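A.B. asks:
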Amino acid sequence: MRAELAAKVDEITQSLQLLREHINVDRARRRLDELNAMAEDPTLWDEPERAQKVMQERTTLEDGVNAIDRITQDLADNIELIELGEAEKDESIVSEATGALDALKVELARRELESLLSGEADSSDTYLEVHAGAGGTDSQDWAEMLLRMYKRWAERRGFKVELVDESEGEQAGIKSATVLVKGHNAYGWLKTEAGVHRLVRISPFDANARRQTSFASVVIYPVIDDRIVVDINESDVRVDTMRSGGAGGQHVNKTESAVRLTHIPTGIAVVSQGDRSQHKNRATAWNMLRAKLYEAELKKREEAAAAEQASKTDIGWGHQIRSYVLQPYQLVKDLRTGVQSGTPQEVLDGDLDPFMQAALAQRAYGGGPVNVEDVD
């Protein structure tokens with residue numbers, strides 16, 4: 013086998029071995045046998061929440077183990093094809109097998125990143141908040157654009173998005189919104205998006221068509237389950253009820269069903285108004301508050317938290333993690349990793365994986381924020 017192909021095979025083989033060790037395939041197979049036995053127990057669904065967790069864990073392990081088996085076999089098959097093509101001097105066979113090896117390399121890199129999502133809350137569903145910052149109506153419109161971007165990203169992954177709270181802007185857009193994103197590793201992926209996002213464009217709200225810079229912040233915190241205990245002294249929490257907001261008309265809620273909880277020692281506050289029932293909104297708000305307090309504790313423990321700490325700072329100049337420039341040129345640039353895209357519309361339509369993958373890798377393998385020039 014020619015030297016460059018041998019080097020590529022060695023690289024793929026090493027990556028595959030590292031992934032095997034990280035996943036711990038033998039242990040994963042044993043656990044998968046246990047989960048399959050649980051899934052065959054007809055009493056499992058007597059406890060729906062437990063059943064869903066069992067099925068989710070089984071699906072995740074099955075996907076990982078099957079992928080390793082498939083990649084191992086594909087690697088062996090393509091090595092054999094390359095050797096056959098070289099023996100018969102058939103470059104078309106060699107070229108086809110080389111392309112297949114390149115695809116395996118890409119898949120292994122993606123799965124290696126996904127294997128980094130091993131934090132205690134990474135696999136959880138997540139709350140995502142968007143808040144308009146400096147820039148008035150333009151920033152409120154920008155906040156709505158960001159919310160749409162994350163919804164589109166979630167749709168691409170087959171995740172579900174539920175609106176928990178929304179405060180509309182005076183003229184356009186939103187002042188703030190909270191959604192619940194449901195899907196495996198939702199928090200693990202979206203935690204990389206916490207911080208301030210900056211938009212540069214010709215303002216659609218300016219009669220003189222001047223260029224406007226707008227800001228909006230994104231806050232991410234995981235949904236916690238009974239595996240994670242967060243003790244809250246109820247006397248430390250102020251409970252306020254109010255009428256739910258809305259677009260008006262006959263659908264306006266005329267009862268005080270919306271609930272706001274404020275944790276007095278930390279100042280952390282949450283609002284839930286997604287349901288007509290105050291009881292359900294209260295339960296949702298308590299879950300959100302526990303999640304936010306848990307996320308605050310995670311941040312204290314995380315040494316390399318520069319990107320996430322940005323979400324606590326002012327929503328304005330100097331604190332952004334990413335710039336989206338629509339005028340005078342087209343460019344999205346992540347100021348932490350240096351990753352960029354020349355097609356902002358694709359990014360705003362949910363093509364966020366390259367940015368998330370780079371941020372995950374930076375967290376896992378160390379190194380501070382990348383020094384890149386700001387985009388103006």
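In terms of the working numbering, the sequence shown opens at residue 13 and continues consecutively.
Glycine residues also receive a C-beta, built at the ideal position from the N, C-alpha and C atoms.
As the structure is a prediction and not an experimental result, all values here were calculated from the model.
Let me check understanding here. Comparing Cα to Cα, which of A281, E309, T138 and G148 lies closest to F171?
C.D. replies: T138
A.B. asks: Express the C-alpha separation of R213 and N220 in angstroms, rounding to a whole number.
C.D. replies: 13 Å
A.B. asks: Over the uninterrupted beta strand (DSSP E) stretch that includes G76, give me the two end residues.
C.D. replies: From DSSP, G76 is part of no beta strand (DSSP E) but of the alpha helix (DSSP H) over P60 to A99.
A.B. asks: Answer yes if the region 284 to 293 comes into contact with the region 153 to 163, meaning at least three C-beta pairs across the two stretches below 8 Å, and no otherwise.
C.D. replies: The region 153 to 163 makes no contact with the region 284 to 293, as fewer than three CB pairs between them are under 8 Å.
A.B. asks: Rounded to the nearest angstrom, what separates I280 and E182 at their Cα positions?
C.D. replies: 25 Å
A.B. asks: Pull up the distance between the alpha-carbon of V387 and that of G200, whole angstroms please.
C.D. replies: With a pLDDT of 32 at V387, under the threshold of 50, the predicted position of this residue should be treated as unreliable, and no value is reported.
A.B. asks: Look at the alpha carbon of A370 and the alpha carbon of L116, and state the distance between them as a whole number of angstroms.
C.D. replies: Roughly 19 Å between the two C-alpha positions.
A.B. asks: Taking a contact to mean a Cβ-Cβ separation below 9 Å, would you say D248 touches I276 in this structure?
C.D. replies: yes
A.B. asks: Tell me which residue opens and which closes the alpha helix (DSSP H) that P54 is part of.
C.D. replies: It is not in any alpha helix (DSSP H) - P54 carries neither H nor E in the DSSP assignment.
A.B. asks: Comparing alpha-carbon positions, which option in A109, E98 and D153 lies nearest D86?
C.D. replies: A109
A.B. asks: So what does E141 bridge to, in DSSP terms?
C.D. replies: T190 and V231
A.B. asks: Determine, using beta carbons only, whether L301 and I232 come nearer to each other than 9 Å.
C.D. replies: Going by C-beta atoms, L301 is not nearer than 9 Å to I232.
A.B. asks: Do F227 and L202 have their C-beta atoms within less than 9 Å of each other?
C.D. replies: no
A.B. asks: Report buried or exposed for W154, applying the criterion of at least 16 other Cβ atoms within 10 angstroms of its Cβ.
C.D. replies: Classified as buried, W154 has 16 or more neighbouring CB atoms from the shown chains inside 10 Å of its CB.
A.B. asks: For I83, which residues in the same chain have their Cβ closer than 8 Å to its Cβ, ignoring the five residues on either side in sequence?
C.D. replies: L28, L116, E119 and L120
A.B. asks: Nearest-angstrom Cα distance between Q374 and H291?
C.D. replies: 42 Å
A.B. asks: Between the alpha carbons of A15 and Q352, how many angstroms are there, rounded?
C.D. replies: C-alpha separation (whole angstroms): 33 Å.
A.B. asks: Please confirm if the region 99 to 106 is in contact with the region 31 to 40, defined as three or more CB-CB distances below 8 Å between the two stretches.
C.D. replies: no
A.B. asks: Where does the unbroken beta strand (DSSP E) through Y336 begin, and where does it stop?
C.D. replies: Q332 to V337
A.B. asks: What are the boundary residues of the alpha helix (DSSP H) that R10 is part of?
C.D. replies: Coverage of the chain is limited to positions 13 through 388, which leaves residue 10 absent and any answer about it impossible.
A.B. asks: Please name the residue or residues paired with S179 in a DSSP beta bridge.
C.D. replies: S188
A.B. asks: I need the DSSP call for R210, collapsed to helix, strand or coil.
C.D. replies: strand
A.B. asks: What number of angstroms, rounded off, separates the C-alpha of S136 from the C-alpha of G148?
C.D. replies: 34 Å
A.B. asks: Kindly indicate the opening and closing residues of the alpha helix (DSSP H) around A121.
C.D. replies: According to the DSSP assignment, A121 belongs to the alpha helix (DSSP H) that extends over E103 to S127.
A.B. asks: Keeping to the same chain, check which residues put their C-beta closer than 7 Å to that of D177; ignore five residues upstream and five downstream.
C.D. replies: Around D177: A189, T190, V283, S284, Q285 and G286.
A.B. asks: For G207, count the other beta carbons within 10 Å of its own beta carbon; 16 or more makes it buried, fewer makes it exposed. Which is it?
C.D. replies: buried
A.B. asks: CA-CA distance, L192 and L273?
C.D. replies: 17 Å
A.B. asks: To which residues of the same chain is T25 closer than 8 Å at the C-beta, ignoring the five residues directly before and after it?
C.D. replies: Contacts found: L87.
A.B. asks: Cutting at 8 Å between CB atoms, please list the residues of its own chain near S390, excluding the five before and the five after it.
C.D. replies: Outside the displayed range of the chain (13 to 388) lies residue 390, so it cannot be described from this structure.
A.B. asks: May I have the straight-line CA-CA distance separating E92 from R123, to the nearest angstrom?
C.D. replies: Those two C-alpha atoms are separated by around 24 Å.
A.B. asks: State the Cα-Cα distance for the pair E95 and I105, rounded to the nearest angstrom.
C.D. replies: 9 Å
A.B. asks: Are the Cβ atoms of K20 and D89 separated by less than 9 Å?
C.D. replies: no
A.B. asks: R294 to L343, Cα distance in whole Å?
C.D. replies: 42 Å
A.B. asks: Indicate whether A303 and V271 have their beta-carbon atoms separated by less than 9 Å.
C.D. replies: The beta carbons of A303 and V271 sit no closer together than 9 Å.
A.B. asks: Taking the C-alpha atoms as reference points, what is the distance between T71 and I35?
C.D. replies: Rounded to whole angstroms, T71 to I35 spans 14 Å at the Cα level.
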